[in-house]
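To start, the structure itself, in structure tokens.
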Amino acid sequence: MALQILIVDDSPAMRSFIRRVMKLSGIEVEQYFEAGNGEEGLAQLAANPIDAVLTDINMPVMDGEEFVRKMRADGAHQSTPVIVISTDATTHRIQTMQELGAVGYLQKPFGPEQLRNELDRVLGVGHE
Amino acid sequence: MSDTAIHEPAAPEMDALIGALLHSCSEHVLETMFFAAVFEAADPAASTGCERVTSRLHFSGKPSGDFEVDADPGIARALTAGFLGIEESEVTSAQEDEVMAEFCNMTCGSALSSLGCVEYFNLQVPETTRSEAFAPEVEGVRRAFLLDGGTLSVCLRVDFDRS
Ligand SMILES: [Mg+2]
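Here it is, written out as structure tokens:
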């Protein structure tokens, strides 16, 4: 099953890198939705059927913490898997994001293999 | 705390550890996300006075500090093309600004995450600038690398006791 992926990151360069690595990883994506901050991310979630969310933490307007918190508070998106993509791999940060409801964590730098493993893990292997 | 205490954690061992982390993290970031190889270490002082593309950020937390990266303009363009998967001739200066900022963010973040004595940190948005005659603004542990076609250097200052 090809996936509908939402990428939330304030850097267009990073969003484009994620799409590129996704392609290299061999994961089949039907459609990408993109957002430059958490607020736009919530709007994309409300308007589209999303299978998994990849989100940055540091963003203007609404950061990744508030985005995941608001997403989890909304009944419609309580179980949509969220993978955080961040350069910050301190226990403090990972715990905070997990407590808010993120199920995956990908530390930058990462390549196709790490992205694929994390998506397989949160979606269940054999999701395609 | 007394003034002398400010320099205590920046002992030679800590500087050596930060230097080693700057090397391994830069190399890992360049290889994994920019598809660029580091050939060898270069002289960190050699970029002073040269034309460079620079990106800097401040981080707050426990501890706080600053990070700076400077690159030959040709290297900044090559890294941008590598990161975005486009031809060097297609690279715009806005893309270069953004990608150098990403490099700054990622290398600083992974060095801090690996340092071991960092409780938490928040990275500010990096700012990319260009100068005809580069002068380092961050005074800390600096390492430089020779890549294909030029050099890149990184510098990290960690203020252990101002947190
Ligand atoms: Mg960001």
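Protein chains in written order, with the working numbering: chain A, 1 to 128; chain B, 129 to 291. For glycine and all other residues, C-beta sits at the position ideal for the given N, C-alpha and C. Treat the numbers as computed from the prediction; the structure is a model and nothing was measured.
Would you call residue i buried or exposed, if buried means 16 or more other Cβ atoms sit within 10 Å of its Cβ?
{"i": "B/Glu-141", "result": "exposed"}
{"i": "A/Val-48", "result": "For clarity, residue 48 of chain A is Asn in the given sequence; the question names Val instead. Exposed, by the Cβ-count rule."}
{"i": "A/Pro-60", "result": "exposed"}
{"i": "B/Gln-223", "result": "buried"}
{"i": "B/Glu-265", "result": "exposed"}
{"i": "B/Asp-131", "result": "Here the model assigns B/Asp-131 a pLDDT of 43, short of 50, so the residue's position is not dependable, and the following value carries that caveat. Its Cβ having fewer than 16 others within 10 Å, B/Asp-131 is exposed."}
{"i": "A/Lys-23", "result": "exposed"}
{"i": "A/Val-88", "result": "This sequence places Asp at residue 88 of chain A; Val is not what is there. Flag for A/Asp-88 reads buried."}
{"i": "B/Ala-133", "result": "Because B/Ala-133 sits at a pLDDT of 41, beneath the cut-off of 50, its placement in the model cannot be relied upon, and the following sentence gives the value as read from the coordinates. Per the 10 Å Cβ criterion, exposed."}
{"i": "A/Thr-55", "result": "buried"}
{"i": "A/Gln-78", "result": "exposed"}
{"i": "A/Arg-121", "result": "exposed"}
{"i": "B/Phe-273", "result": "buried"}
{"i": "B/Ala-144", "result": "exposed"}
Let's see if you can read the secondary structure: which residues bound the alpha helix (DSSP H) around residue i?
{"i": "A/Asn-117", "result": "112-123"}
{"i": "B/Gly-202", "result": "201-212"}
{"i": "A/His-77", "result": "Neither: A/His-77 is in no alpha helix (DSSP H) and is coded neither H nor E."}
{"i": "B/Ser-241", "result": "221-243"}
{"i": "B/Cys-153", "result": "140-161"}
{"i": "B/Phe-288", "result": "First-last for B/Phe-288: undefined, no H or E at that position."}
{"i": "B/Lys-190", "result": "Note, B/Lys-190: premise wrong, no alpha helix (DSSP H); beta strand (DSSP E) at 180-190."}
Measuring from the CB of residue i, is there a heavy atom of ligand 1 at a distance below 6 angstroms?
{"i": "A/Met-59", "result": "yes"}
{"i": "B/Asp-225", "result": "no"}
{"i": "A/Asp-56", "result": "yes"}
{"i": "A/Asp-88", "result": "no"}
{"i": "A/Asp-63", "result": "no"}
{"i": "A/Asp-10", "result": "yes"}
Under a three-way DSSP split, which group does residue i fall into?
{"i": "A/Gly-101", "result": "coil"}
{"i": "A/Gln-44", "result": "helix"}
{"i": "A/Ile-50", "result": "coil"}
{"i": "B/Phe-273", "result": "strand"}
{"i": "A/Val-68", "result": "helix"}
{"i": "A/Arg-19", "result": "helix"}
{"i": "B/Glu-168", "result": "strand"}
{"i": "A/Thr-90", "result": "coil"}
{"i": "B/Glu-196", "result": "strand"}
{"i": "B/Gly-268", "result": "coil"}
{"i": "B/Thr-176", "result": "coil"}
{"i": "A/Ser-25", "result": "helix"}
{"i": "A/Ser-11", "result": "coil"}
Got a sec, what are the start and stop residues for the beta strand (DSSP E) residue i sits in?
{"i": "B/Glu-215", "result": "Counting along the chain, B/Glu-215 falls outside any beta strand (DSSP E), and DSSP gives it neither H nor E."}
{"i": "B/Thr-257", "result": "255-259"}
{"i": "A/Ile-5", "result": "3-8"}
{"i": "A/Val-29", "result": "29-35"}
{"i": "B/Phe-249", "result": "248-251"}
Indicate whether at least one CB of chain D lies closer than 7 angstroms to the CB of residue i.
{"i": "A/Lys-108", "result": "Of the chains in the structure shown, none is chain D; the protein chains are A and B."}
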